[in-house]
Amino acid sequence: MSTSGPAQKRENPTGRSAAERQAAVRTGKSIEQQGGPPTRRAAGQRRTTPKRTDARQVADEPDAEEALSALQEILFGTDRDRIQVLSADVEQLRHQIGDRAALAAAVAPILGSAIRRQIQESRDEMIDALYPIIGQLVVRAVTEAMRDLARSIDARLQAATDFQRIRRRVRSLVTGVPVGELALRDGFPFAVQEVYLIHRESGLLLWHATRAPEPSTDSDLVGSMLTAIREFAEQVLGGKDNLQQLRFGNRELVLEFGRYAYVGALIAVVTPSDFRWKLHRRVYAFEKKVYERLRRYDGDASTLSDAARREFEPFLVADPALSGNQTGQGNGL
Amino acid sequence: MRTVSKKVCLLGDFAVGNTSFVRRFVYDLFDDKYISTIGVKVSRKTLAVPRADSAVIELTMMLWDLAGSEDFSQIRGSYMRGAAGAILVCDLTRPKTLLSLESYRADLRQVNPEAVVVVAANKSDSPEQRLLLHQVEEGIASLGTAYFITSARTGENVEKMFRHLGRVLVKS
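Quick look at the structure:
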């Protein structure tokens, strides 16, 4: 809101700018002493004159107030600004502490490095502190895994035919491994999750199957990159067909080679000892069926898909004894 | 529609722009870091290619973008195995990259004598162009192959080049 006339005059009776007034306060001189234009006071009477009229005193008061506020601004302005910033920070902190989600978001970025540093500096203390939690988790996980294994063995034993029992007994006699241990080994969870059949020279994907509900559209790229990695490993480490498996986490990719094609089977958990041999037999059988088409492969994979499906799709079929268990006992091959 | 896949190599000196072709004009799944680590990255370009008998073939080119640096010269040959075609890329701002094409073609022919080759003289948009058209023509004449003056940045002739290669691949 703006005012005019007498009110304005009251606010700035000297007619000087704010900068001039502040300069006067800073130097301790009046504007007249600084050589500024004459004011009513300079023209009419001196500042040191002891006797003043009441009107003159009233006129001087606003001047003093302004000078005082300017002085305050100079002395405390910076501090006031700083206090305002600090108040805002305190308010924000109060909000973050009160709001758990905001607090978590603020602390999260530094938590990882803080824990890492603490582990580096005082490993034993950290182990002591975490042991009750981690120990319990490990016990629970192992118990669960053992329970799954027991269930798997039970199912397998129930499903085993007399012939399989006799075969296991014979294997036990030949190898000296107890029947129970052989049953345990056979009972390890195992599943083929994906099969890639790849043209050996070009890396082109011939056929692909997966247990996933929606097959990936990038399997051809994966097949080619897998071939590139295989070529790289053979070139760097020497030899041919030496890259036989890639392991990552609890999954592994088992590779088996034919003359013109090779197969990559992505397996979860533990690969049975005779799996590679089964895979090799299938690659051999596939190549035998489509030998000429493979030898003169022109990029049209549709001519090979039927043969590929017949040979490799059974790997993806779960054991009926454990149907519904994705990582259950593999297949009846 | 009949579907056919072919392996195609992208060959050229370091920084000629073959990776830019891949980034902008084809389906790219893997990180570029594979080029500097194992010396290759595979991408895919799918085209519908009409044939002389009016049938249309869906052609999938598996593009093997090979590192141009010396570090991978030993392994490059094995990456070229089984390629039905190759795009040789040179940089119009660096005449030396045109001279290298002959050696890339020789390496390719060694493993795939029948492979189809096209040349992409790239970076036509660059104001620093130092190669003139007749110089490019002279340089490529010995290769006896089709060439395209391309710009991976503006897209000039890039699709045209892929289409030409696709037609030749399907025919061969």
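Protein chains in written order, with my numbering: chain Y, 1 to 333; chain S, 1001 to 1172. Heads up, the beta-carbon is just placed ideally off N, CA and C, and yes, glycines get one too.
Answer yes or no: does any C-beta atom of chain S fall closer than 7 angstroms to that of Ala141 of chain Y? Residue mapping note: residue 141 of chain Y aligns to position 141 of the first sequence, counting from 1. Output row for Ala141 of chain Y: interface = no.
Using a Cβ cut-off of 7 angstroms, pull out every chain S residue sitting near Ala212 of chain Y, in sequence order please. Here residue 212 of chain Y refers to the residue found at position 212 when the first sequence is read from its first residue. Here the premise fails: no neighbours, minimum Cβ distance about 17 angstroms.
What is the DSSP secondary structure of Leu103 of chain Y, counted as helix, strand or coil? As a working note, residue 103 of chain Y is residue 103 in the first sequence. Here Leu103 of chain Y sits in helix by DSSP.
Would Ser1073 of chain S pass as an interface residue toward chain Y - the criterion being a Cβ-Cβ separation below 7 angstroms? As a position in the second sequence, residue 1073 of chain S is number 73, starting the count at 1. At least 7 angstroms separates the CB of Ser1073 of chain S from every CB of chain Y.
Cutoff 7 angstroms; reference Asp220 of chain Y; Cβ partners in own chain excluding five residues on either side: Start at 1 with the first residue of the first sequence, and residue 220 of chain Y comes out as number 220. Only Leu205 meet the Cβ criterion.
Rounded separation between Arg295 of chain Y and Phe286 of chain Y - CA only: Here residue 295 of chain Y is taken as the residue at index 295 of the first sequence, counted from 1. Here residue 286 of chain Y is taken as the residue at index 286 of the first sequence, counted from 1. The straight-line gap from Cα to Cα measures roughly 13 angstroms.
Select from the region 106-122 of chain Y all residues with a C-beta closer than 8 angstroms to any C-beta belonging to chain S, and list them in chain order. Those would be none; no residue qualifies.
Helix, strand or coil, according to DSSP, for Arg1167 of chain S in the structure here? On the second sequence, residue 1167 of chain S is found 167 positions in, with the first residue counted as 1. In this structure, Arg1167 of chain S counts as helix in the three-state DSSP scheme.
Would you grab the beta carbon distance between Lys1123 of chain S and Asp1091 of chain S for me? Rounded to a whole angstrom, and I think it's under 8 angstroms. Position 123 of the second sequence holds residue 1123 of chain S. Position 91 of the second sequence holds residue 1091 of chain S. Between Lys1123 of chain S and Asp1091 of chain S a beta carbon distance of about 5 angstroms is seen, short of the 8 angstroms cut, so the two are scored as contacting.
Apart from the five residues on each side of it in sequence, which residues of its chain come closer than 7 angstroms, Cβ to Cβ, to Val1026 of chain S? Here residue 1026 of chain S refers to the residue found at position 26 when the second sequence is read from its first residue. Excluding residues within five positions, the ones whose Cβ falls inside 7 angstroms are Ser1043, Arg1044, Lys1045, Leu1063.
So, helix, strand or coil for Ile351 of chain Y, using DSSP? Residue 351 of chain Y cannot be examined here, being either before or after the span of chain Y that is shown, 1 to 333.
Can you tell me which of S:Thr1019, S:Ala1055, S:Asp1125, S:Pro1127 puts its alpha carbon nearest to the alpha carbon of Met946 of chain S? Outside the displayed span of chain S (1001 to 1172) sits residue 946 of chain S, for which this structure offers no information.
Where does the unbroken beta strand (DSSP E) through Glu256 of chain Y begin, and where does it stop? Position 256 of the first sequence, counted from the start, is the residue given in the question as residue 256 of chain Y. Segment 251-257, the beta strand (DSSP E) holding Glu256 of chain Y.
Going by beta-carbon coordinates alone, are Phe1021 of chain S and Ser1069 of chain S separated by less than 7 angstroms? Here residue 1021 of chain S refers to the residue found at position 21 when the second sequence is read from its first residue. Here residue 1069 of chain S refers to the residue found at position 69 when the second sequence is read from its first residue. The answer is no: Cβ separation not under 7 angstroms.
Return helix, strand or coil for Thr48 of chain Y, following the three-state DSSP convention. Here residue 48 of chain Y refers to the residue found at position 48 when the first sequence is read from its first residue. A caution first: Thr48 of chain Y carries a pLDDT of 48, below 50, which makes its placement in the model unreliable, though a value can still be read off. Thr48 of chain Y: coil per DSSP, three-state reduction.
Using a Cβ cut-off of 7 angstroms, which residues of the region 229-259 of chain Y contact any Cβ in chain S, in chain order? Shown in chain order are the members of the region 229-259 of chain Y whose Cβ falls below 7 angstroms from a Cβ of chain S: Ile229, Glu231, Phe232, Gln235.
Return the CA-CA distance between Val1049 of chain S and Leu1143 of chain S, expressed in angstroms with no decimal places. As a first step, residue 1049 of chain S is located in the second sequence; it is residue number 49 there, counting from the start. As a first step, residue 1143 of chain S is located in the second sequence; it is residue number 143 there, counting from the start. For Val1049 of chain S and Leu1143 of chain S, the distance between alpha carbons rounds to 25 angstroms.
Val1008 of chain S to Ser1103 of chain S, Cα distance in whole Å? On the second sequence, residue 1008 of chain S is found 8 positions in, with the first residue counted as 1. On the second sequence, residue 1103 of chain S is found 103 positions in, with the first residue counted as 1. When rounded, the distance between both Cα atoms is 17 angstroms.
In the DSSP output, which residue or residues are listed as bridge partners for Arg140 of chain Y? Along the first sequence, one-based indexing puts residue 140 of chain Y at 140. As computed with DSSP, Arg140 of chain Y is found in no beta bridge at all.
Tell me the rounded alpha-carbon separation between Thr1154 of chain S and Asp1125 of chain S. As a working note, residue 1154 of chain S is residue 154 in the second sequence. As a working note, residue 1125 of chain S is residue 125 in the second sequence. Distance between the alpha carbons of Thr1154 of chain S and Asp1125 of chain S is about 7 angstroms.
So, helix, strand or coil for Lys1033 of chain S, using DSSP? On the second sequence, position 33 is the one that residue 1033 of chain S refers to. In the structure shown, Lys1033 of chain S sits in a helix (DSSP, three-state: H, G or I).
Beta-carbon proximity list for Ala308 of chain Y, same chain, < 7 angstroms, skipping 5 on both sides: One-based indexing of the first sequence puts residue 308 of chain Y at position 308. Non-local C-beta neighbours of Ala308 of chain Y in its own chain, meaning closer than 7 angstroms and more than five positions away in sequence, comprise Leu197, Leu206, Trp207, Phe286, ordered along the chain.
Just the C-alpha distance for Pro132 of chain Y and Met126 of chain Y, rounded to the nearest angstrom, thanks. Taking the first residue of the first sequence as position 1, residue 132 of chain Y is located at position 132. Taking the first residue of the first sequence as position 1, residue 126 of chain Y is located at position 126. Rounded to the nearest angstrom, the two C-alpha atoms are 11 angstroms apart.
Give the range of the beta strand (DSSP E) segment to which Asn1122 of chain S is assigned. Locating residue 1122 of chain S in the second sequence gives position 122, counting from the first residue. Its beta strand (DSSP E) spans residues 1116-1122.
Considering only their Cβ atoms, is the gap separating Phe315 of chain Y from Val222 of chain Y smaller than 7 angstroms? In the first sequence, residue 222 of chain Y corresponds to position 222, counting from 1. In the first sequence, residue 315 of chain Y corresponds to position 315, counting from 1. Result no, Cβ atoms of Val222 of chain Y and Phe315 of chain Y do not sit closer than 7 angstroms.
Does the count of Cβ pairs from the region 1072-1086 of chain S and the region 1099-1115 of chain S closer than 8 angstroms reach three? Three or more Cβ pairs drawn from the region 1072-1086 of chain S and the region 1099-1115 of chain S lie within less than 8 angstroms of each other, which places the two stretches in contact.
Per-residue burial, Tyr260 of chain Y [other beta carbons within 10 Å of its own, 16 or more giving buried]: One-based indexing of the first sequence puts residue 260 of chain Y at position 260. Label assigned to Tyr260 of chain Y: buried.
If you run the structure through DSSP and keep just helix, strand and coil, what is Arg1081 of chain S? The residue given as residue 1081 of chain S occupies position 81 in the second sequence. Here Arg1081 of chain S sits in coil by DSSP.
When you check each C-beta in the region 286-302 of chain Y against every C-beta of chain S, which residues fall closer than 8 angstroms? Answer in chain order: Asp298, Gly299, Asp300, Ala301, Ser302.
Please name the residue or residues paired with His208 of chain Y in a DSSP beta bridge. Residue 208 of chain Y sits at position 208 when you count from the first residue of the first sequence. Looking at the DSSP assignment, His208 of chain Y forms a beta bridge with Y:Tyr196.
Nearest to Thr1093 of chain S (by Cα), restricted to the options S:Thr1150, S:Thr1060, S:Ile1038, S:Leu1108: Your numbering for residue 1093 of chain S matches position 93 in the second sequence. Nearest C-alpha to Thr1093 of chain S among S:Thr1150, S:Thr1060, S:Ile1038, S:Leu1108: S:Thr1150.
Which of the residues in the region 1017-1035 of chain S, read from start to end, lie with their CB under 7 angstroms from any CB of chain Y? If the cut-off is 7 angstroms between Cβ atoms, the region 1017-1035 of chain S has Leu1029, Phe1030 near chain Y.
Which value, in whole angstroms, describes the spacing of the CA atoms of Ala233 of chain Y and Gly203 of chain Y? Looking up residue 233 of chain Y in the first sequence gives position 233. Looking up residue 203 of chain Y in the first sequence gives position 203. For Ala233 of chain Y and Gly203 of chain Y, the distance between alpha carbons rounds to 15 angstroms.
Under three-state DSSP, which class holds Gln1129 of chain S? As a working mapping, residue 1129 of chain S is identified with position 129 in the second sequence. If DSSP states are grouped into helix, strand and coil, Gln1129 of chain S belongs with coil.
Can you confirm whether Arg1076 of chain S, when its beta carbon is compared against all beta carbons of chain Y, has any partner nearer than 7 angstroms? Counting from one through the second sequence, the residue named residue 1076 of chain S turns up at place 76. Not closer than 7 angstroms to any Cβ of chain Y, the Cβ of Arg1076 of chain S fails to qualify, so no.
With distance defined between alpha-carbon atoms, name the residue in S:Thr1003, S:Asn1018, S:Ser1005, S:Lys1006 nearest to Ala1120 of chain S. Numbered from 1 along the second sequence, position 120 holds the residue referred to as residue 1120 of chain S. Distance from the Cα of Ala1120 of chain S is smallest, within the candidate group S:Thr1003, S:Asn1018, S:Ser1005, S:Lys1006, for S:Asn1018.
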